[in-house]
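Colleague: The listed protein sequences derive, respectively, from chains X and U. Heads up: the first sequence begins at 1 in UniProt numbering, then just goes up one per residue. Heads up: the second sequence begins at 1 in UniProt numbering, then just goes up one per residue. Think of the CB as a built atom: it goes at the ideal place given N, C-alpha and C, for glycine as much as any other residue. Have a look at this one before I ask anything.
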Amino acid sequence: MIARARLSETGLAVLGAVVALWPLTTLLEGGGWLWGLILMCAFVALVGAAMRTVRAPASAILLVQVVALLVVVALLNLHDHLDTTFASAIHDLVQEANDTVRKSAVPAPVTPGLLMMLELIVPGLMIGIDFLSVTSRQPALAGVPMMVIYMLSTSNTGSALNPFFFIALAVVWLTMLAHGSGVLVRTWSSVRARALTPTLHEDQLGLTGLSSAARTLGLVTIVLALVVPVLLPHPDPHYFAKGLGRGGSGGGEGVVAFSTTVNLAKDLRKTDGSPVLTFRTTDLSPPPLRVTAGGRYSDGEWKDFPSSTGLVISSDGKPLPLPEGEAKSDSAYVETIKVTDNTMSAPNVPAPFPIASGDFGQTRWGYSPTTQQPYVTQKVTSYELDYRIPQKDAYKTGPLQDQQKFAGQLRLDPASASRVRDLAGRIGGSDAFDRAVRIQSYLRSDDFTYSLKLAPTQTRDGKKLDPLSNFLVTKQGYCTQFATAMIMLARADGIPARMALGFLPGAPAANDTYTVLQSSAHAWPELYLRGLGWTRFEPTPGTRTGAAPTYTNESTAGNGGGRVPNAESSTSSSSSAAPAAPSTQPTKAVTPSGQGQRRTDWLGDLLVVLAVLAVGLLGALVLPLLARRQRQSISARLREHRPVEAQWQVLQTRLGDLGIPPPEEEGSPRATERYYRSRAALPPTGLEALHSAVRTLEQERYAAPGTASASIEQQSRKILDGVRHQQSWPQRIGSTILPASGRAVFRRGVDRVIGWPARLLGMRRR
Amino acid sequence: MSSTTDTDPVTPEAGAATAHDPTEQPATIEDVQRVASDIHRAVSSVIEGKAEVIQTAVVVLLAGGHLLLEDVPGVGKTMLAKALARSIDSPMRRIQFTPDLLPSDVTGVSVFNQDSRTFEFRRGAIFANIVVGDEINRASPKTQSALLECMEEGQVTVDGDTYRLAEPFMVMATQNPIEMEGTYPLPEAQRDRFMARISMGYPTSAAELEMLDVHGGVPPLDRLTPVADGATVQRMARRVTEVHASPALRQYIVDIAGATRASSSLRLGASPRASLQLLRAARATAALAGRDHVIPEDVQLLIEPVLAHRVILSSDNQHLHRGVGGVLAEIVRRVAVPSGPR
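The structure is reproduced here in structure tokens:
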């Protein structure tokens, strides 16, 4: 009874699922869900064991396991909805899971919907593992569902997984394999086993060789799996496939949704490289394309970005009024961009700021009076916008009017307020514009590191730092942190500031065409300055964003080297010793290095592709070359004393390459001739040539020596031509690229290489 | 030219030195092929539809071996022997083996000549080119062994005197495999002395009908005209020994013999003598095909006639259903044909 349940295999299967599940802990918050999933895996495995005990057929076991899982998941997640709302409850949960996966950064919160999906997927795959490895006794195949669970994690992390996860999984899988083989061997009765025990000769080639080769292969695979990813360059995942459940900002096929939750405390995962839109402009440094601006900062998160309500309906071509606070300036000039292939879903539409006028074709559109951001009623693929380039000379010194109006844009986050005020005071500056530029220079300095991965949260006075303070201390982050820091520092100086979200323009291709990718998503601050109105600043370092806006550079020319004293001397001695770069230079040679970066990226991609092609080409050449070498070695060995024999063996390998393997048992020349006659379907000339070649060979092999040396070169050519003539093109190409003799040589080589431990063991045994 | 056939009474060892005339033209392979096919055609005119059996008989004749014919009565065993002898225009003697046959009946006996007051040797039935031993298994072992000594040595020893036998010399012994009662089956050692064993088998119905048509009237042997003579056959036999057997081929024969010894299906494998005779027979076969070298097919063709009567199936009955032929065929299939010197 108990034996039928196969408890040890069941236990191994559960262990396999759990270990495969383990790396999910790096993706999801908390740990309670893990225990739930482990329990559910154990549950379905036990259901399977129970069914096996009563000798249920395999299909019934599978069915009962699936039904049991569905019932338990329904009871756990939908017990409140066991009525008419059942379907909509499922829908809501699935929607929630979908939202969580789409919008959250790693580590994601485990929402009830996500939990339900996990409870369905993971134990579902557990059923697969159980069915394959225990019920069907094919543990090798169980590696597939285990790998799928593992892939859930690997395909969604932006960074490399700890190799330990993989090693653990490999060890469990190999244990399953070993255990399975052990069970198989024990089922043999000893008498029969003895009868089946091969003799010494077969021992070398047979079971022992096979099993030790398999062992070696397994070992080599694991070692390679660990070593190769380290040695190979790490290509962006999107080169190969979109992972399961990926897409921080992806919303359906061909449409880009824009997530407006910005969390400062989270690492940015690698995002999609698919294009959002393409535009053309003559502007040499086009501004980022904004999607929204505003927002409210609390608890390390930017929320409540304005929605597309209260719009001023506009019509195409009609100039928009000057934005609030912006003085009319004769020197401001206007640039145009033409957007094509826009995939962003309505009502959002990426646009430079501030726009002067817009043309969206037939589509109705309007703009927000506060942010000047255009919105559309339906998705527009192509549109044209004029935008103004702010000029520094429009700026007016003096105190800001009606501070009350900007209360929201001057509010500091209580958690970081004191630190921010302190730092803003140390950065200093003469007037609002100068202070803003100094803040920007400070953040763009070498002290700060641009990184999608955040530094670990620091602790001060026994309390964990809030995300913004943590950024200011660790000086490591990406655009969101830089933008937020600048906004808060500006607000501390009394300059209203708000968050803008959108996309970097990217690098121009031919004829001033820019392709904006989803991975170019960006955040930057807009500061309200007298005369200039809301003005874009760029605190994120040049490696990501290129040069800072031109109007922020000029003013600081005479402002020689405002050094910023560093209060956080405890963080690192180097940062205090090397203060911010003089603000005359935004950062060292940002523009060329930014461009260069992009070009090297592109070059790197090309190199990777070329390398892959080259490896493929070399790979395609390997087997033909091996086959050629083998033919040459045959020739070299026999040419002198037995030329016909050499030519005959070369002919045989070539026929093998063409898909007619040599006869299994080495027979007489005439027997071989009969064999080739029956296999090769030769035309009459080929048959004649074959006959003549065989007679010549026979002569050389068996006749008295001293007869004139002969050659079957011509016959060989006729035979090969005859065989090739019968073949289709794919067959011919296949036999050229993957010749059987080359494959055999390759296999022997591999056997030699991986077989050495086996031979070593074999020697020791004897 | 052997002088033994001409002198009467014979003196011991006479003619042993005159093996052949040094002035004779060396025979070519074409000659061998032509003579052999002439003999073959002549015998075929008497024995209908038994080309393979005749072929083996001619091969054994040219290879200088002896033939064991094993079959039921009346299928033409004796007729084959007679036709062969007549076609080479050589004397043929027939010995009907019975339990009371004495060795001296076979070999000959020394009798006292009252006139010369000396013992004179009266030659027995063995002194002929072709000797047919009918139902050899009916004679006593003593008589059988007398015959076998002659077969192996090509000579007769009586009262301490040795007499050479005629050349060519070929014994065609017949055995009836059905009536085994009261017989003395040939022991392995004696069977080993026959180069080949063949079964005639019943003729096909067409051949039998033809036989009734043709042979109904005149005795067929009377119409058979000789196509060669003993001397010619002798010359051809010498040429046959010169047919080239390459090292690879000799290796092949040794491999096959070795395989019969190693085979678990066989209690007794082929003897070294078997290997030797296999090679000699293979040479003759090659010559018959007009080749001056032996190829593996020659050997394969002869495996069953040459080896089947020398090996013994193991008592382990699982091979019995295949028979010796099946086991040997399997061995031939398994043994690789060497392609060159090792």
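#1: Any beta carbon of chain U sitting closer than 8 Å to that of X:Arg-673?
#2: Does the beta carbon of X:Gly-667 sit closer than 8 Å to a beta carbon anywhere in chain U?
#3: My output table needs one value for U:Ala-237: the three-state DSSP class, helix, strand or coil.
#4: What is the residue span of the beta strand (DSSP E) that U:Arg-34 lies within?
#5: Taking the alpha-carbon positions, what's the U:Val-335 to X:Pro-145 distance?
#6: Taking 8 Å as the CB-CB cut-off, is X:Tyr-676 touching chain U?
#7: Tell me which residues share the same chain as residue 772 of chain X and place their Cβ nearer than 6 Å to its Cβ, disregarding the 5 neighbours each side in the sequence.
#8: Let me confirm a value: X:Ser-441 is counted as buried when at least 16 other C-beta atoms fall within 10 Å, else exposed. Which label applies?
#9: Please report how far the alpha carbon of X:Tyr-239 lies from the alpha carbon of X:Val-609, in whole angstroms.
#10: What does U:Ala-336 touch in chain X if you count any residue whose Cβ is under 7 Å from its own?
#11: Within 8 Å of any Cβ in chain X, is that where the Cβ of U:Arg-238 sits?
#12: Could you have a look at U:Gln-315 and say whether DSSP puts it in helix, strand or coil?
#13: Flag U:Leu-249 as yes if its beta-carbon sits less than 8 Å from any beta-carbon of chain X, otherwise no.
#14: Among the candidates X:Gly-16, X:Leu-465, X:Asp-83, whose CA atom is the shortest distance from the CA of X:Ala-42?
#15: In the structure shown, what three-state DSSP assignment does X:His-691 receive?
#16: Under DSSP, the alpha helix (DSSP H) around U:Glu-297 begins and ends at which residues?
#17: Straight-line CA distance for U:Phe-97 to U:Glu-149?
#18: Do U:Ala-284 and U:Ala-85 come within 8 Å of each other at the CB atom, strictly closer than that value?
#19: Considering only the alpha carbon of each residue, which of X:Leu-607, X:Gln-401, X:Ala-394 lies closest to X:Ala-532?
#20: Could you check what DSSP says for X:Lys-338 in three-state terms: helix, strand or coil?
#21: Per DSSP, residue 768 of chain X forms a beta bridge with which residues?
#22: Taking 8 Å as the CB-CB limit, is U:Ile-295 close to chain X?
#23: Less than 8 Å between CB atoms is the rule here; does U:Glu-40 satisfy it with respect to chain X?
#24: X:Lys-392: buried (16+ other C-beta within 10 angstroms of its C-beta) or exposed?
#25: Does the separation of the CB atoms of X:Leu-697 and X:Pro-663 fall below 8 Å?
#26: Does DSSP classify X:Asn-162 as helix, strand or coil?
#27: Which residue's Cα is closest to the Cα of X:Val-67: X:Pro-123, X:Arg-438, X:Ser-88, X:Thr-84?
#28: Which stretch, first to last residue, makes up the alpha helix (DSSP H) that contains X:Val-380?
#29: From X:Pro-287 to X:Pro-525, what does the alpha carbon distance come to, in whole angstroms?
#30: If you drop the 5 nearest sequence neighbours on each side, which residues of the same chain put their C-beta closer than 8 Å to that of U:Glu-48?
#31: Going by beta-carbon coordinates alone, are U:Ala-282 and U:Gly-269 separated by less than 8 Å?
#32: Which class does residue 344 of chain U belong to by DSSP, given the choice of helix, strand or coil?
#33: Would you kindly work out how many angstroms separate the C-alpha atoms of residue 768 of chain X and X:Ala-744, rounded to a whole number?
#34: Have a look at X:Ser-633 and X:Arg-642 and give me their C-alpha separation to the nearest angstrom.
#35: If you draw a straight line from the C-alpha of X:Ser-678 to the C-alpha of X:Ile-129, how long is it?
#36: According to the neighbour-count rule (16 or more other Cβ atoms, all chains shown, within 10 Å of its Cβ), is X:Leu-618 buried or exposed?
Modeller: In brief:
#1: Along the first sequence, one-based indexing puts residue 673 of chain X at 673. Correcting the residue type first, residue 673 of chain X is Glu in the shown sequence and not Arg. It does not: the Cβ of X:Glu-673 has no partner Cβ on chain U nearer than 8 Å.
#2: Along the first sequence, one-based indexing puts residue 667 of chain X at 667. Yes, because at least one Cβ of chain U sits closer than 8 Å to the Cβ of X:Gly-667.
#3: In the second sequence, residue 237 of chain U corresponds to position 237, counting from 1. It is helical.
#4: As a first step, residue 34 of chain U is located in the second sequence; it is residue number 34 there, counting from the start. Run containing U:Arg-34: none in the beta strand (DSSP E); it sits in the alpha helix (DSSP H), 29–44.
#5: Taking the first residue of the second sequence as position 1, residue 335 of chain U is located at position 335. Taking the first residue of the first sequence as position 1, residue 145 of chain X is located at position 145. Roughly 49 Å separates the two Cα atoms.
#6: Working through the first sequence from its first residue, we reach residue 676 of chain X at position 676. It does not; no Cβ of chain U falls within 8 Å.
#7: Absent from the structure is residue 772 of chain X, since the part of chain X shown begins at 1 and ends at 766.
#8: On the first sequence, position 441 is the one that residue 441 of chain X refers to. Buried is the call here.
#9: Looking up residue 239 of chain X in the first sequence gives position 239. Looking up residue 609 of chain X in the first sequence gives position 609. Below a pLDDT of 50, predicted positions are generally treated as unreliable, and X:Tyr-239, at 34, falls in that range; no measurement from the model is reported.
#10: Counting from one through the second sequence, the residue named residue 336 of chain U turns up at place 336. Within chain X, the residues near U:Ala-336 are Glu-665, Glu-666.
#11: Your numbering for residue 238 of chain U matches position 238 in the second sequence. So, not an interface residue.
#12: The residue labelled residue 315 of chain U in the question sits at position 315 within the second sequence. In the sequence as displayed, the identity of residue 315 of chain U is Ser instead of Gln. Three-state DSSP puts U:Ser-315 in coil, outside helix and strand.
#13: Taking the first residue of the second sequence as 1, we reach residue 249 of chain U at position 249. At least one chain X Cβ lies under 8 Å of U:Leu-249.
#14: Against the first sequence, residue 42 of chain X aligns to sequence position 42. The residue with the shortest Cα to Cα distance from X:Ala-42 is X:Gly-16.
#15: To locate residue 691 of chain X, count along the first sequence from 1; it is residue 691. Note: X:His-691 maps to helix in three-state DSSP.
#16: Counting from 1 along the second sequence, the entry for residue 297 of chain U is found at position 297. Taken as a continuous stretch (DSSP letters only), the alpha helix (DSSP H) holding U:Glu-297 covers 296–307.
#17: What you label residue 97 of chain U is simply residue 97 of the second sequence in a count that begins at 1. What you label residue 149 of chain U is simply residue 149 of the second sequence in a count that begins at 1. Roughly 16 Å between the two C-alpha positions.
#18: Against the second sequence, residue 85 of chain U aligns to sequence position 85. Against the second sequence, residue 284 of chain U aligns to sequence position 284. Cβ atoms of U:Ala-85 and U:Ala-284: not closer than 8 Å.
#19: Here residue 532 of chain X corresponds to residue number 532 of the first sequence, with the count starting at 1. In the sequence as presented, Ala is not what sits at residue 532 of chain X; that position holds Leu. Of the candidates X:Leu-607, X:Gln-401, X:Ala-394, the one whose C-alpha sits nearest the C-alpha of X:Leu-532 is X:Ala-394.
#20: One-based indexing of the first sequence puts residue 338 of chain X at position 338. In the structure shown, X:Lys-338 sits in a strand (DSSP, three-state: E or B).
#21: Only positions 1 to 766 of chain X appear in this structure, which leaves residue 768 of chain X out of reach.
#22: The residue labelled residue 295 of chain U in the question sits at position 295 within the second sequence. Yes - at least one Cβ of chain X is within 8 Å of the one on U:Ile-295.
#23: In the second sequence, residue 40 of chain U corresponds to position 40, counting from 1. It should be noted that the sequence gives His, not Glu, for residue 40 of chain U. Not one chain X Cβ lies under 8 Å of U:His-40.
#24: Here residue 392 of chain X is taken as the residue at index 392 of the first sequence, counted from 1. Result: buried.
#25: Here residue 697 of chain X corresponds to residue number 697 of the first sequence, with the count starting at 1. Here residue 663 of chain X corresponds to residue number 663 of the first sequence, with the count starting at 1. No.
#26: Locating residue 162 of chain X in the first sequence gives position 162, counting from the first residue. The answer is coil: DSSP assigns X:Asn-162 none of H, G, I, E or B.
#27: Residue numbering aside, residue 67 of chain X sits at position 67 when the first sequence is read from its first letter. Comparing Cα positions, the closest option is X:Pro-123.
#28: For this step, residue 380 of chain X is matched to residue 380 along the first sequence. Run containing X:Val-380: none; DSSP gives neither H nor E here.
#29: The count along the first sequence starts at 1 and reaches residue 287 of chain X at position 287. The count along the first sequence starts at 1 and reaches residue 525 of chain X at position 525. Spanning the two alpha carbons is a distance of roughly 13 Å.
#30: For the purposes of this step, residue 48 of chain U is taken as residue 48 along the second sequence, with counting starting at 1. Closer than 8 Å at the Cβ level, and outside the excluded window around U:Glu-48, lie Pro-203, Ala-207, Glu-208, Glu-210, Met-211, Val-214.
#31: What you label residue 282 of chain U is simply residue 282 of the second sequence in a count that begins at 1. What you label residue 269 of chain U is simply residue 269 of the second sequence in a count that begins at 1. Cβ distance not < 8 Å, so U:Ala-282 and U:Gly-269 don't count as in contact.
#32: Because chain U is modelled from 1 through 342, residue 344 of chain U falls outside the range shown and cannot be assessed.
#33: What is shown of chain X runs 1 to 766, which leaves residue 768 of chain X out entirely.
#34: Reading the first sequence from its first residue, position 633 is the one you call residue 633 of chain X. Reading the first sequence from its first residue, position 642 is the one you call residue 642 of chain X. X:Ser-633 and X:Arg-642: Cα-Cα distance of roughly 14 Å.
#35: The residue labelled residue 678 of chain X in the question sits at position 678 within the first sequence. The residue labelled residue 129 of chain X in the question sits at position 129 within the first sequence. Between X:Ser-678 and X:Ile-129, the C-alpha separation is close to 47 Å.
#36: By one-based count along the first sequence, residue 618 of chain X stands at place 618. Under this definition X:Leu-618 is an exposed residue.
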